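Participant:
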Amino acid sequence: MFYYKIQKRLYLTFVILLLIFLAIILRLFYIQVFKTKSLNELASNLWSRNLPILADRGLITDRNGIILAENITTTSLVVIPNQIKNKEKVSEDIAKILNTDYLNIYKFVSKRSSIERVHPVGRGLSYDVAEKINNLNYDGVYLVKESKRYYPYETMLSHVLGYVGIDNQGLSGIELEYDKYLKGNDGAIKYFSDGKGNRLDLSEVYTEPVKGNNLALTIDAKIQEMVERELDNVMISLNPDQALVLIMNPNTSEVIAMSSRPNFDSNNYQDYDIETINRNLPIWGTYEPGSTFKIITLAASLEEKTINLFEDHFYDSGSVTVESARIKCWKSGGHGSQTYLEVVQNSCNPGFVSLGQKLGTNLLYDYLIKFGFGTKTGIDLNGESSGILFKLDQMGPIETATTAFGQGISVTPLQQVRGVSAAINGGKLHIPYIVRSISEPETNEVIVLNKPKLIKNVISEETSKLVRYALETVVAHGTGRNSYIENYRVGGKTGTAQKVKDGVYMVGNYILSFIGFFPADKPDYIIYVAVDNPKGITQYGGTVSAPVAKNIILSIIDYLHYKPIKNELQKEYMWLDTKYLYLENVVGKNVKEIKEQLKNFKIEYSGSGTNIIEQNPKGDTYVKEGSIVKLMLN
Amino acid sequence: MVKNIGIIIPTIILTLFGLLMVYSSSNIWSEYKFNDSFHYLRHQSIFVVIGFVIMYILSKIDYKMYYKKANWILLICFLLLGLVLIPGIGIIRNGSRSWFGIGAFGIQPSEFAKICLIIFMAKYLSNNVKDMSDFKKGALPILIVIFIFFGLIMLEPDFGTGMVIVISLIGMLFVSNIKLNFFAYTGVAGLIGMVGLIIAAPYRVARIVSYLNPWSDPLGSGFQIIQSLYAIGPGGLFGLGLGNSIQKHFYLPEPQTDFIFAIISEEFGFLGIIILAGLYLYLFYKVLKISANINDLFGKYLSFGLIFGIIFQTVLNISVVIGLLPVTGVTLPFFSYGGSSLLVSLASIGIILNIGKNVK
Numbered sequence: 005m006f007y008y009k010i011q012k013r014l015y016l017t018f019v020i021l022l023l024i025f026l027a028i029i030l031r032l033f034y035i036q037v038f039k040t041k042s043l044n045e046l047a048s049n050l051w052s053r054n055l056p057i058l059a060d061r062g063l064i065t066d067r068n069g070i071i072l073a074e075n076i077t078t079t080s081l082v083v084i085p086n087q088i089k090n091k092e093k094v095s096e097d098i099a100k101i102l103n104t105d106y107l108n109i110y111k112f113v114s115k116r117s118s119i120e121r122v123h124p125v126g127r128g129l130s131y132d133v134a135e136k137i138n139n140l141n142y143d144g145v146y147l148v149k150e151s152k153r154y155y156p157y158e159t160m161l162s163h164v165l166g167y168v169g170i171d172n173q174g175l176s177g178i179e180l181e182y183d184k185y186l187k188g189n190d191g192a193i194k195y196f197s198d199g200k201g202n203r204l205d206l207s208e209v210y211t212e213p214v215k216g217n218n219l220a221l222t223i224d225a226k227i228q229e230m231v232e233r234e235l236d237n238v239m240i241s242l243n244p245d246q247a248l249v250l251i252m253n254p255n256t257s258e259v260i261a262m263s264s265r266p267n268f269d270s271n272n273y274q275d276y277d278i279e280t281i282n283r284n285l286p287i288w289g290t291y292e293p294g295s296t297f298k299i300i301t302l303a304a305s306l307e308e309k310t311i312n313l314f315e316d317h318f319y320d321s322g323s324v325t326v327e328s329a330r331i332k333c334w335k336s337g338g339h340g341s342q343t344y345l346e347v348v349q350n351s352c353n354p355g356f357v358s359l360g361q362k363l364g365t366n367l368l369y370d371y372l373i374k375f376g377f378g379t380k381t382g383i384d385l386n387g388e389s390s391g392i393l394f395k396l397d398q399m400g401p402i403e404t405a406t407t408a409f410g411q412g413i414s415v416t417p418l419q420q421v422r423g424v425s426a427a428i429n430g431g432k433l434h435i436p437y438i439v440r441s442i443s444e445p446e447t448n449e450v451i452v453l454n455k456p457k458l459i460k461n462v463i464s465e466e467t468s469k470l471v472r473y474a475l476e477t478v479v480a481h482g483t484g485r486n487s488y489i490e491n492y493r494v495g496g497k498t499g500t501a502q503k504v505k506d507g508v509y510m511v512g513n514y515i516l517s518f519i520g521f522f523p524a525d526k527p528d529y530i531i532y533v534a535v536d537n538p539k540g541i542t543q544y545g546g547t548v549s550a551p552v553a554k555n556i557i558l559s560i561i562d563y564l565h566y567k568p569i570k571n572e573l574q575k576e577y578m579w580l581d582t583k584y585l586y587l588e589n590v591v592g593k594n595v596k597e598i599k600e601q602l603k604n605f606k607i608e609y610s611g612s613g614t615n616i617i618e619q620n621p622k623g624d625t626y627v628k629e630g631s632i633v634k635l636m637l638n
Numbered sequence: 010m011v012k013n014i015g016i017i018i019p020t021i022i023l024t025l026f027g028l029l030m031v032y033s034s035s036n037i038w039s040e041y042k043f044n045d046s047f048h049y050l051r052h053q054s055i056f057v058v059i060g061f062v063i064m065y066i067l068s069k070i071d072y073k074m075y076y077k078k079a080n081w082i083l084l085i086c087f088l089l090l091g092l093v094l095i096p097g098i099g100i101i102r103n104g105s106r107s108w109f110g111i112g113a114f115g116i117q118p119s120e121f122a123k124i125c126l127i128i129f130m131a132k133y134l135s136n137n138v139k140d141m142s143d144f145k146k147g148a149l150p151i152l153i154v155i156f157i158f159f160g161l162i163m164l165e166p167d168f169g170t171g172m173v174i175v176i177s178l179i180g181m182l183f184v185s186n187i188k189l190n191f192f193a194y195t196g197v198a199g200l201i202g203m204v205g206l207i208i209a210a211p212y213r214v215a216r217i218v219s220y221l222n223p224w225s226d227p228l229g230s231g232f233q234i235i236q237s238l239y240a241i242g243p244g245g246l247f248g249l250g251l252g253n254s255i256q257k258h259f260y261l262p263e264p265q266t267d268f269i270f271a272i273i274s275e276e277f278g279f280l281g282i283i284i285l286a287g288l289y290l291y292l293f294y295k296v297l298k299i300s301a302n303i304n305d306l307f308g309k310y311l312s313f314g315l316i317f318g319i320i321f322q323t324v325l326n327i328s329v330v331i332g333l334l335p336v337t338g339v340t341l342p343f344f345s346y347g348g349s350s351l352l353v354s355l356a357s358i359g360i361i362l363n364i365g366k367n368v369k
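Protein chains in written order, with the working numbering: chain R, 5 to 638; chain C, 10 to 369.
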């Protein structure tokens, strides 16, 4: 009995210790299986010194593959002070190679830190110098490859592209918005060292940096260049406070070009003040749109059929009184009796007040919201503003009247362009975008492909067609005639908005804008130009901004080989304007037959035959009245 | 001898594996301190040889001899423990005056006190079978003896060894005829004592906190345990392989001594540790079979006490290394560098082997 009891206790102790062993094993399982990764990472920080290798950021290209942001490779000197035994000798030798002061190097070598970049003398080393340092073969002295962002076009598109910081991190623009795609993964060389800081002979672990993904923008670099050139000209000739151009594809709301002044060089962003860098005016700036906004009022009126564009008339006495406020037309004395088409062509404010009144406050407001005003468009760029509308319950008759011709509200250029796009593209409102695709750097496989994002249809195709027509007549017969281009169809609308400072309209200080689209019957491009407070010129949108748009359209025509057409709307001539006449194609005809046809031109012959084998300018085009037509005879 | 093969083989495997690990964990420090990476290996090899000789000799000496000499053995042990406390005779190492220096070697009397007290306890228990159910007549006198020796060891101080001795003796009481409520009382008394110690010295709270979360003081009290976890964790399932420990490169201090288990875990991983635990448990089980089967009460208590001391010390050491208990400073039997620890373990096995021969 007694022995049996002892035996039981003996085996009981075995069971108890077995359980304790089990607890130990469970704890070890927890440490060595569940915690192994995190402990290994913590321990790795203790054991190893990482020499970071910056990854190449992804390239940013335009829609045709032209590189807008790339990387250049430099070699830099890095020291790990702990691993350097003879600090004096090492400093001396390196100082000699780098041609610098001994102390300049020694201060890095003797620092109590895990890893030191020798900045700035050890950065951007040439191959020869790097080779010499490499040949020293000192422990703790390393050369690392560094990738540095470079923008070959410097100031071009700088607000859109943005810039990167010292560690290659995106800080604004596309670089910031798409940083997670562009940045890639930095690599490293891991050197192990023992508890006393000496280098261990364990194999070094090399983690290859992974390049960032490439971005293709919707931007067309060629058109962007034209825009930059025009803006530079505007800055030189008119010395405005600010200026901007925004070009989109109205059918998709892809941004084709975007620029503003003042601008900056992304390579040297430190040299510019932060306001200049941060203000990407086409999406950040907000101001009264003025008359370009009338397009929205027109579209709403046509869609709601509150007027007949061709048959209903409006009599403009030069002003209209709404409640107690008197709203004047920009033309003193008024335009007299006009059809509503003429109201649009003349940009007649009282006429638009009547359009707004016919719509009523609620409907007008509905359309503002429908066309996307008052909220951010959602473009894939940082720093967008939302603009300001009246609240519906604050909108009395005066607010309705001024809103109808684009005063008392504030919009961004992007909202304006996107809204007008919907008015002319058949009624489709999109979310604008600027990144077309994201692709793998090695395989070029597209991983993200951005497509147009339709929000909704805001007006019908028929209404949209009427708006296009009306705006084409504005260019041909109305206030936009300075953007008229012979043999091509252009539609558009000017705007002159008085700037507001501290709630008061400023005197003689305007933002002059023009919104145009081309070709007018089936638009591929919508172009917005705004010039803020130009000096030494009559301050009308038609005189300042329309010619800029015209120059850009002419460049696009040239660049994309748009064919001239015959049936564009004829310009209506004012007595000052030069008249353009249709020039027939006379090649192959007899000299005698064509006398009558070319009576409005001066003819110069070369050759002595009777049949025409070549003519200059070519036929089927419009040519200035009285200009020289050269005919080559056989 | 064939009878005890189940004890001899795990003992030899553990000892030789221990020797290998002493080399693997110490070679870096050894090279640094002595310009000789084999320094610790050479010393430990000598202890292994001496240890095996002692084990062999003791296996030949009839264990009943200790029964007769138990009182003398206890007296000698008492004198040695007293002597070591006298400055000039005892040497201070690692903050404890617990060493006799003999040339380059040191001997810790407290390690040997373990065997002495277990012998005395075994004799006491086998002599007082009837009285053990009576607290005053049975347990109290031996508890006083235990308390005196524990006090002597705590004067050095060597809390770890003191702990191992006390728990080994209490384990022996447990398998004797003593009533279980005795342990309930001592347990309550122990708790009250602990609370008393904490009230007396509140810094102990901080020590317990730092053991619960070593990262609260990573460069102070948590340092060793963090370095230990940095060895064990990265070892993972399969380990880094023999000789590949990183933590032995001046990260874990004195890796060949109390924290050698961390290096074993780092180099052999979780699976290696399972095998190691299996060996210890197998040895424990084999000796328990002897204790269970021998008719002589003294042999029963003695063999149990000796193996229980070894296994409890193993558990205590590992629990500290893996952060389950605060740092106490006990060695891992058969593995940790140091003569006293190894000789005592092998001597214990030698005595057990002789007892095993007497099993019918």
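Cβ coordinates follow ideal geometry from the N, Cα and C atoms, glycine included. Here the structure is a predicted model, which means the values were calculated and not measured.
Between glycine 115/C and isoleucine 364/C, what straight-line distance do the alpha-carbon atoms span, to the nearest angstrom?
Facilitator: 30 Å
Participant: May I ask you to verify whether the region 442-462 of chain R touches the region 405-412 of chain R, counting CB pairs closer than 8 Å and requiring at least 3?
Facilitator: Segments in contact, no.
Participant: Which residues, taken in chain order from the region 128-149 of chain R, show a beta carbon closer than 8 Å to some beta carbon of chain C?
Facilitator: none
Participant: With three or more C-beta pairs closer than 8 Å as the rule, is the region 210-218 of chain R touching the region 181-194 of chain R?
Facilitator: By the criterion of at least three beta-carbon pairs nearer than 8 Å, the region 181-194 of chain R is in contact with the region 210-218 of chain R.
Participant: Counting only beta-carbon separations shorter than 8 Å, does histidine 258/C have a partner in chain R?
Facilitator: yes
Participant: On a Cα-Cα basis, can you pick out the residue from Pro166/C, Leu149/C, Ile320/C, Gly171/C that is closest to phenylalanine 159/C?
Facilitator: It is Gly171/C whose Cα lies nearest to the Cα of phenylalanine 159/C.
Participant: Give every residue of the same chain whose Cβ lies closer than 7 Å to the Cβ of aspartate 581/R, excluding the five residues on either side of it in the sequence, and list them in chain order.
Facilitator: Interpretation of aspartate 581/R is limited by its pLDDT of 49, a score under 50 that renders its predicted location unreliable; the figure taken from the coordinates is listed afterwards. Closer than 7 Å at Cβ, skipping near neighbours: no residue.
Participant: Is proline 243/C close to chain R? Criterion is C-beta to C-beta, closer than 8 Å.
Facilitator: yes
Participant: Along the chain, where does the alpha helix (DSSP H) containing histidine 52/C start, and where does it finish?
Facilitator: DSSP places histidine 52/C inside the alpha helix (DSSP H), whose first and last residues are 48-69.
Participant: Measure the beta-carbon distance from glycine 495/R to glutamate 476/R and round it to whole angstroms, keeping in mind my assumption that it falls under 8 Å.
Facilitator: 4 Å
Participant: Are the CB atoms of phenylalanine 317/C and serine 185/C within a distance shorter than 8 Å?
Facilitator: No, the pair does not count as a contact, with Cβ atoms beyond the cut-off.
Participant: From this set, Gly177/R, Gln349/R, Ile64/R, which residue's C-alpha is nearest isoleucine 281/R's C-alpha?
Facilitator: Gly177/R
Participant: By the DSSP assignment, the beta strand (DSSP E) with histidine 258/C in it spans what residues?
Facilitator: No beta strand (DSSP E) holds histidine 258/C; DSSP gives it neither H nor E.
Participant: For phenylalanine 314/R, does the count of other Cβ atoms within 10 angstroms reach 16, so buried, or fall short, so exposed?
Facilitator: exposed
Participant: What's the gap between the Cα of valine 329/C and the Cα of isoleucine 137/R?
Facilitator: 49 Å
Participant: Where in the region 278-352 of chain R do unbroken runs of the beta strand (DSSP E), each at least 3 residues long, occur, reported from the N-terminal end onward?
Facilitator: The region 278-352 of chain R contains these whole beta strand (DSSP E) runs: 317-320, 323-326, 329-332, 340-343.
Participant: Locate the beta strand (DSSP E) running through asparagine 54/R, then write down its first and last residues.
Facilitator: 52-57
Participant: Among Ser46/C, Ser68/C, Leu50/C, Tyr41/C, whose alpha-carbon lies nearest the alpha-carbon of isoleucine 16/C?
Facilitator: Ser68/C
Participant: Could you check whether the Cβ of methionine 336/C sits closer than 8 Å to any Cβ belonging to chain R?
Facilitator: Inspection of the sequence shows that residue 336/C is occupied by valine rather than by methionine. It does not; no Cβ of chain R falls within 8 Å.
Participant: Which one of Gly623/R, Glu465/R, Leu306/R, Trp288/R has the shortest CA to CA distance from isoleucine 383/R?
Facilitator: Selection Gly623/R, Glu465/R, Leu306/R, Trp288/R evaluated against isoleucine 383/R yields Trp288/R as nearest (Cα-Cα).
Participant: Whose C-beta lies closer than 8 Å to the C-beta of isoleucine 560/R among residues of the same chain, with five residues either side of it excluded?
Facilitator: Ile227, Met230, Phe522, Tyr529, Tyr566
Participant: Whose CA, out of Met160/R, Ile35/R, Pro156/R, Lys149/R, lies closest to the CA of leucine 333/C?
Facilitator: Ile35/R
Participant: If we count the other Cβ atoms within 10 Å of its Cβ and call it buried at 16 or more, is aspartate 320/R buried or exposed?
Facilitator: Label assigned to aspartate 320/R: buried.
Participant: Let's test the definition: count the other Cβ atoms within 10 Å of the Cβ of isoleucine 655/R and tell me whether it reaches 16, buried, or not, exposed.
Facilitator: The structure shown does not extend to residue 655/R, since chain R is modelled only from 5 through 638, so no value can be given for it.
Participant: Report the neighbours of arginine 31/R on chain C: residues whose CB is nearer than 7 Å to its CB, in chain order.
Facilitator: Ile331, Leu333
Participant: I need the boundaries of the beta strand (DSSP E) containing lysine 634/R, first residue and last residue.
Facilitator: 632-637
Participant: Just how far apart, CA to CA, sit valine 590/R and arginine 493/R?
Facilitator: Going from the Cα of valine 590/R to the Cα of arginine 493/R covers about 24 Å.
Participant: Looking only at C-alpha atoms, which of Phe196/R, Ile101/R, Leu602/R, Gln274/R sits nearest to valine 209/R?
Facilitator: Phe196/R
Participant: Which residue from Val296/C, Gly169/C, Leu50/C puts its Cα closest to that of phenylalanine 18/R?
Facilitator: Val296/C
Participant: Taking leucine 393/R as the reference, which of Leu372/R, Thr381/R, Leu385/R, Gly400/R has the closest Cα?
Facilitator: Nearest option by C-alpha distance: Leu372/R.
Participant: Glycine 378/R: which of Ser42/R, Gln420/R, Asn461/R, Leu363/R sits nearest, CA to CA?
Facilitator: Gln420/R
Participant: Which whole-angstrom value is the C-beta distance of glycine 252/C and glutamate 276/C, which I expect to be below 8 Å?
Facilitator: 7 Å
Participant: For chain C, find out if any of its Cβ atoms is closer than 8 Å to the Cβ of asparagine 44/R; answer yes or no.
Facilitator: yes
Participant: Looking only at its chain, what residues have a beta carbon closer than 6 Å to the beta carbon of isoleucine 37/C, apart from the 5 residues adjacent to it on each side?
Facilitator: Lys257, His258
Participant: Quick test of the definition: if touching needs 3 or more C-beta pairs under 8 Å, does the region 420-440 of chain R touch the region 339-359 of chain R?
Facilitator: By the Cβ test, the region 420-440 of chain R is not in contact with the region 339-359 of chain R, since fewer than three Cβ pairs between them sit closer than 8 Å.
Participant: List the residues of chain C that glycine 199/R touches, going by C-beta distances under 7 Å, in chain order.
Facilitator: Contact annotation for glycine 199/R against chain C: His258, Phe259, Tyr260 [CB-CB distance below 7 Å, chain order].
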